[in-house]
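The structure under discussion appears below in the form of structure tokens.
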């Protein structure tokens, strides 16, 4: 099951390198790597909304939507709602990413809606205080991503691994069983291992995979 092992969640964002058939290639590459050995990390992929059903039909990987609203069916033109994401094949959601922030009350609403649909939630936060606040809503994962490190080569795992321990401790002081993902600047298997060694339950990354010159090689290093 998804929660039995630490996770590596890959946000495909809206990069051309991870759209359509490219998203399928990434997902199938991960599946093949994990078929060849006993996996240490569970994979999550968050494709663009238009690709969720496509990936769900052609792969068995854990698919998360990049965002969703708590609205019910009806007059919600232009919105992706939780129920529709589940119907398309998503097993979970990423919400409140630094590139798509929402208000605290909406975070609670989406988490509640996702739980009703038996979907997982990764709720992002860009500060420890915000992470502590959203942890009170009991998402399945709290992902903390300092925005100044997103998309850079600066990894919190390498620069300040002790900070990971502090982050984990402060969040679990509020929600003792919170599962915590570390993001921003994470690119290598060593980064992932350092995060988990220091108490995290995995990582959330994007450009380290999607913008890599050799995506297959990066995936093999991460999951191999």
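Numbering (this note's numbering), first residue to last: 47 to 270.
Cβ coordinates follow ideal geometry from the N, Cα and C atoms, glycine included.
Cβ pair residue i, residue j closer than 8 Å
i           : j           : result
residue 155 : residue 116 : yes
residue 127 : residue 114 : yes
residue 118 : residue 144 : no
residue 268 : residue 246 : no
residue 151 : residue 180 : no
residue 77  : residue 106 : yes
residue 163 : residue 137 : no
residue 48  : residue 166 : yes
residue 238 : residue 87  : yes
Those residues which DSSP pairs with residue i across a bridge
i           : result
residue 89  : 54
residue 171 : 190
residue 251 : 56
residue 115 : 127
residue 229 : 250
residue 166 : 138
Beta-carbon separation (whole angstroms), residue i vs residue j, contact threshold 8 Å
i           : j           : result
residue 188 : residue 177 : 5 Å
residue 229 : residue 190 : 7 Å
residue 168 : residue 250 : 7 Å
residue 210 : residue 175 : About 17 Å; that fails the 8 Å criterion.
residue 148 : residue 170 : Not a contact, Cβ separation roughly 10 Å.
Minimum C-alpha distance to residue i - residue among the options
i           : options            : result
residue 129 : 57, 238, 159, 172  : 159
residue 161 : 183, 172, 82       : 183
residue 91  : 83, 84, 74         : 74
residue 108 : 119, 253, 256, 53  : 53
residue 153 : 186, 137, 123      : 186
residue 256 : 135, 63, 51, 50    : 63
residue 231 : 264, 72, 245, 192  : 192
residue 50  : 66, 85, 61, 79     : 85
residue 214 : 206, 120, 224      : 224
residue 70  : 101, 48, 218       : 101
residue 240 : 252, 266, 254, 201 : 201
residue 58  : 253, 265, 104, 263 : 253
residue 89  : 258, 149, 110      : 110
residue 56  : 248, 66, 270       : 248
residue 270 : 259, 80, 65, 66    : 80
Delimiting residues of the alpha helix (DSSP H) encompassing residue i
i           : result
residue 135 : Element bounds for residue 135: n/a, residue is neither H nor E.
residue 49  : Per DSSP, residue 49 belongs to no alpha helix (DSSP H) and is neither H nor E.
residue 239 : 235-243
residue 62  : It is not in any alpha helix (DSSP H) - residue 62 carries neither H nor E in the DSSP assignment.
residue 263 : 261-269
residue 83  : That residue, residue 83, is in no alpha helix (DSSP H); it is neither H nor E in DSSP.
residue 205 : 202-205
residue 104 : 98-104
Beta strand (DSSP E) segment containing residue i, residue limits
i           : result
residue 108 : 108-111
residue 148 : First-last for residue 148: undefined, no H or E at that position.
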